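Worksheet: one structure, shown below.
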Amino acid sequence: MRILAMLGIVGLGEAQFNLGAMYAGGYGTPRDYKRAISWYEKAAAQEVAQAQLNLGVLYEKGEGVPKDYARALFWFRKAAAQDFAAAQSTLGEMYDEGKGVPRDYVQARSWYEKGAAQGHVGAQNNLGVRDNLIWA
1 MRILAMLGIV GLGEAQFNLG AMYAGGYGTP RDYKRAISWY EKAAAQEVAQ
51 AQLNLGVLYE KGEGVPKDYA RALFWFRKAA AQDFAAAQST LGEMYDEGKG
101 VPRDYVQARS WYEKGAAQGH VGAQNNLGVR DNLIWA
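Rendered as structure tokens:
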């Protein structure tokens, strides 16, 4: 973890992301959401899409921060703008469930399709389920 921390301190975005993930998950260190968020924010500022997504998830679930769908959406949109399929699928879920936005099946479908086109299994599943049950 020392080498990873040194790489994070010098500004390597992927190292910053990995440090955030270690602190968020308690991998090799006690779980510490404050540190996780700090490292994720550093990586997110460098456009590391996975860090942006993970920040969004923390805000969506209220883990280490107050639950805040607006902040979650902000980070999900930043990651999705980089064509990050997992973020596109997650945005689809936010619109599908009306979390922080009015429920909008057209937007949900659009985001699911973007993620599914990149092979994201969750987006493909959500699209298929909704095609058969809701949008049919």
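Just so we're aligned, residue 1 is where the sequence shown starts under the numbering used here, counting upward by one.
Glycine residues also receive a C-beta, built at the ideal position from the N, C-alpha and C atoms.
Owing to the predicted nature of the structure, the values given are computational and were not obtained by experimental measurement.
- In the three-state DSSP reduction, A81 falls in the coil class, being neither helix nor strand.
- A residue is called buried once 16 or more other Cβ atoms fall within 10 Å of its Cβ, and V10, having fewer, is exposed.
- In the displayed model, G98 falls within coil according to three-state DSSP, outside both helix and strand.
- Each residue's CA atom was taken as its position, placing D68 and G56 some 9 Å apart.
- Looking at the backbone, the Cα of N125 and that of M22 are separated by about 29 Å.
- Going by beta carbons, A81 and L91 fall outside the 8 Å limit.
- Contact between F84 and A49 is confirmed by a C-beta separation of about 4 Å, below the 8 Å threshold.
- D32 carries a coil assignment under DSSP once its states are collapsed to helix, strand and coil.
- Separation of Y40 and G98 (C-alpha to C-alpha, rounded to the nearest whole angstrom) is 26 Å.
- From the listed residues M94, E93, N54, the smallest Cα separation to A36 is found for N54.
- Contact check for A123 and A116: beta-carbon distance about 4 Å, within the 8 Å limit, so the pair qualifies.
- Nearest to E60 by alpha-carbon distance, out of T29, P30, G100, is G100.
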